Structure formats: structure tokens, C-alpha cells
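Chains as they are written, first to last, in the numbering used here: chain V, 1010 to 1130; chain F, 296 to 741.
Structure first, then comments.
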């Protein structure tokens, strides 16, 4: 691990080799499974949850955090259901189909995992 | 107090060479037990409370669990939506229905400090910003980061005529009193009158917007002027661009078929001068005379962005916009200052929906930059635009585009085959448009 002037205490910058190692581990796990979802109170203080920024692309039609029921509510939807719905949408000529076609499978999985982790309001 | 990084931590979107092939990893970083942000820091100050400014203020608060203070400075007491404002021209919406207050942003839900004022200057070394209050006082406040989202100004164009007649040549491209003026002028137009709309050279705010206005007004003219026994009333579209800039198939269909004979579309028509007394518009593609003249001038970034030295990217039409790093929307010219929305120079269109999404990428970046220790930026942001356009008073089309970050060009690139336009123009789309607008504004202001 390398240190830089800006660091304080015992926190460390990630070295490129560490990053690559973790990246390979993530490719291996997320190709066949969904990204890990934070669901414990200790993890609720997580600063930047997995998939949150991707999922924010859905908010303009589905509401902040997918809470709006006007189109369909995404918060709390099972990750498998969302993944399947998005894959199906990709075959449609609707605006949702057009949007869905803009995302890769890995991105859809990350989005699905995030919405699955939020309780419906 | 600091925690060791765990095996679960991965860097967002790190591009990795794996056996010669580059792989983008779209996963975000998790930090166990969060990072404490010093609550005594100066606020993030947001200049401009439009689609980008309101969204970035909300999301910085939301995504930092209200630990980062945010101050939003806006000249108007509330926001008037440009989106859907063309429906004021047909009498289908009122201007007051397009007002969006800052009530929820100010409330304890988000706790944004919203100040009514006009930013006049900033000292980007000392990190202070100065604004003028409605009463005329100047106030200087510190900032930890500055987000400039002020929108656009128009470049000047040549216009002659009496003051009163010149005042009638409105743009109505910033919703407000000009929109009402244009509506009133259309209502008062003679039944055989001509409505002239000039479209600016790209880039301009809302690529489909001017074509939408032409189509909608054409439909309104059919019902309210041409129906009255005289079919001479017309919409004349003088487009500085060589062709229709958005939804080319749908708008060509609108002009050539749906509103056949009502719309005259003239491309490559660079505006040269307007005589407001005679209603004459001189362009590089000919001279045209009309009763109601609607000039949408060429755009440039709002003055404050230019005054601060942020707008260094010129356009062919003579405008200046602000180049930014699209991973964070931080200015390429002045560190610590971000530029969002229409004032920025990126490969993305200028539009409210996409300004809302740019703001979220920026909010995410600011939360990471202000964490202690700093978190790396998300290396694979995605932005999207989805936009409905009325084609008649009861039917609409849409466009959709999703952008990904390309690490080679360091720009946002549209996904393959995009943008996509609606395969049909329908009443169903018109109904969905109302829902989309309602939820978009909720996501931005509530």
C-alpha cells in the first residue's frame, strides 16, 4: 500500500495492484450473481451504497429512490424480478424499452440490487 | 477511529486490463461505518435554483444524510418550468401551474439554506461568493465547494423598430412573462396571420423544443385560425441548423404530414436581422414576413459563469460554455468549482432531464470529495435523458438516450443506436408525458 501526504491516521490509499485484484474478484462474483446488498444497521451508515448512482437514473420517472407509484414503484422490488423485467423491457418499443437498452447486464444487476435494498415507503 | 479498508471495498468502475481486454466495472465503493464529515465546514454553495441547481442541492443533502451543509442562491422567488411551457401557448396550461417553490428543499427533510439573491462575484482562491439581495445589499459568504448552475443568456441579434414593437419579439425560451406575451400575441393574431419561429444554431437548450413549439402552434392554428373560413394562417420555421436537431422522423412527419400545408420549414436559415415594425425577418435563406415573430437567439452561458472565468469553450455561433470533468462536473479551469446544466460544455444535450442527472453525478462526487478521508470518484457514471414532445394538442412523441463515460475520450458517449425516438405519435404518449413531468419535478424539487 502506498502513502501520500494528504492521508491522516492509519487510512491508506489503495494501490493499483490491490484495486486490480479486487476488480477481478468482483468480475468473477458479479457475472453470475448480484452485487452485495447492504442490509444491516451497521452497513446503513455506508457512505456510497453500491448501485445508488446508477439507480438514480430511474428517479425522473419512478420517483426518488424508486418510491413513486405513478409508473411503477421500484423500491423494495426483488432483484430477480427487476432484472427479469428490465431484460424483457429491452425487447419493447416503448420509452422504457429504449431506456433499458442503454444498460449492460452488470449495470442492471447493480441497479436491481440497490432497489431491492430499499424498503418501499 | 479510522477503519481499515476491507475486502468488500472496490473502486467504482475501475477500468482494468484483463488479458489485453479492457473491462469497465460498474460497482460503487462501500465504506464500513461511514465517514464523518466535519459539520463546521463551510457550505457547498449552489448558484442557481433550476433543474440542475435544485437537484444537486437536494441530493447532496440526501446522500450525505444531511451532514454536508448546502446553501442555494437563486434570483427568483421560485422556479418556473420551461418543460411543458409550450402548452401555455395553446392555453392548455397556465404559467402559475408551472411554478415550483423551494419549500421542500428548505424544510427539515433536506434543510437546504435557500437565499434569494443574485450572485455577482466569487473569489475562488479565498473560496468566497458574493450575492446581491433583493434590497440591494451585498453579502459575502464562504464556500467549501461552489456549484455554478445558472443557465443561459442569449447572444445579441440585430433588431430595429419602435420600443413597443421590439418588446413583442420575445423568445419565450425562459418561461415567464414572455411565454404569456407570446400566448396573447397568438390569440390576437389575425385568422390569416403568420407565426415566424427562428431556431438558434446548436448548441441550444432543449433540442426538440423549438420543433415541438412549431408543431403545437400549427395544431392550435388549425383549430383556432384556419378553421374560421380562411386557410392562410401558417407557421414559418427558420432553422439556423442544416436539419431537424432531434426526433428527425417524428418532426418531419409532423411538418410534412400531420400539419401538412400549415408549416413551412426552412433549414440553413441563419438569422441576420429583424424589423419589428414590419414583421420582417432576414435570414441567409431568404426574407420572411409575419405577424407574430418569435426569435430564439443563439445561446451562451449565463453571465456569472463567464464573469467567473469558467466559460472557455466557444461555439461556432459565438457562444461560450464551461468545460468540465464529467466524472464530477468540476470545472477544467478553476478547481473547487463545478458547473452543471445548460451552462456547461459537454457532449450531452442541454435539457432539464439531463441537468437533473448531471446534478446527481455531481452530488455523488461532492459527497466523495468531502468525505474524510476523500473517496475516489465513481469512474463509470451513467446519465440519461428522456423527453416527451407534444406534436398536437392531444398527441406526443418522445426521445430517449443513455450516456456512458468513455475513459479514452473522457466524455459521455451515447449508447449504441441512441438517441431513440418514439416509433409512433400517440395520445398514450401525451398522457405519459404528464406523468413524466410530474415525477421529474418531484425528483428535482421534493
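Glycine included, each C-beta is placed from N, C-alpha and C at the ideal position.
Given the structure is predicted, the values throughout are model-derived calculations rather than measurements.
Alpha carbon of residue i to alpha carbon of residue j, nearest angstrom
i, j, result
"residue 514/F", "residue 557/F", "9 Å"
"residue 535/F", "residue 495/F", "6 Å"
"residue 1097/V", "residue 699/F", "21 Å"
"residue 627/F", "residue 357/F", "27 Å"
"residue 1092/V", "residue 435/F", "50 Å"
"residue 450/F", "residue 595/F", "6 Å"
"residue 384/F", "residue 520/F", "14 Å"
"residue 709/F", "residue 701/F", "10 Å"
"residue 1119/V", "residue 397/F", "32 Å"
"residue 633/F", "residue 401/F", "22 Å"
"residue 438/F", "residue 574/F", "49 Å"
"residue 338/F", "residue 446/F", "22 Å"
"residue 697/F", "residue 612/F", "27 Å"
"residue 530/F", "residue 732/F", "27 Å"
"residue 477/F", "residue 459/F", "14 Å"
Outcome for residue i when other beta-carbon atoms lying within 10 angstroms are tallied against a minimum of 16
i, result
"residue 578/F", "buried"
"residue 687/F", "buried"
"residue 1114/V", "exposed"
"residue 433/F", "exposed"
"residue 552/F", "exposed"
"residue 364/F", "buried"
"residue 528/F", "buried"
"residue 659/F", "buried"
"residue 350/F", "buried"
"residue 386/F", "exposed"
"residue 704/F", "exposed"
"residue 479/F", "exposed"
"residue 1123/V", "buried"
"residue 366/F", "buried"
"residue 455/F", "exposed"
"residue 1066/V", "buried"
"residue 597/F", "buried"
Close-in-space but distant-in-sequence residues of the same chain around residue i (CB under 7 Å, 5 per side omitted)
i, result
"residue 644/F", "502 and 680"
"residue 507/F", "381, 684 and 685"
"residue 1130/V", "1076 and 1084"
"residue 540/F", "497 and 502"
"residue 549/F", "510 and 686"
"residue 395/F", "373, 374, 376, 736 and 740"
"residue 717/F", "545, 692, 693 and 724"
"residue 537/F", "562 and 563"
Simplified DSSP state of residue i, which is helix, strand or coil
i, result
"residue 368/F", "strand"
"residue 563/F", "coil"
"residue 622/F", "coil"
"residue 615/F", "strand"
"residue 533/F", "strand"
"residue 1095/V", "helix"
"residue 501/F", "coil"
"residue 1081/V", "coil"
"residue 418/F", "strand"
"residue 544/F", "helix"
"residue 428/F", "coil"
"residue 446/F", "coil"
"residue 1056/V", "coil"
"residue 627/F", "coil"
"residue 1063/V", "helix"
"residue 484/F", "coil"
"residue 411/F", "strand"
"residue 645/F", "strand"
"residue 679/F", "strand"
"residue 357/F", "helix"
"residue 673/F", "coil"
"residue 436/F", "strand"
Proximity test, Cβ basis, 9 Å: residue i and chain A
i, result
"residue 718/F", "The structure shown contains no chain A; its protein chains are V and F."
Cβ neighbours of residue i in the same chain (closer than 8 Å, five flanking residues each side left out)
i, result
"residue 629/F", "419, 603, 604 and 605"
"residue 429/F", "411 and 412"
"residue 735/F", "378, 647, 648 and 651"
"residue 452/F", "566, 568, 569, 590, 592 and 593"
"residue 466/F", "449, 473, 589, 590, 591 and 592"
"residue 370/F", "411, 412 and 413"
6 Å Cβ shell around residue i - same chain, five flanking residues per side excluded
i, result
"residue 416/F", "425"
"residue 722/F", "689 and 690"
"residue 546/F", "506 and 539"
"residue 621/F", "641 and 707"
"residue 499/F", "594"
Does the structure place the stretch 1094-1112 of chain V close enough to the stretch 691-698 of chain F that three or more beta carbon pairs sit under 8 Å? Because the criterion of three Cβ pairs below 8 Å is met, the stretch 691-698 of chain F and the stretch 1094-1112 of chain V touch.
State whether the stretch 470-482 of chain F contacts the stretch 339-348 of chain F, with contact taken as three or more CB pairs (one from each stretch) at a distance under 8 Å. no
Please confirm if the stretch 561-579 of chain F is in contact with the stretch 712-726 of chain F, defined as three or more CB-CB distances below 8 Å between the two stretches. Verdict: no, contact absent.
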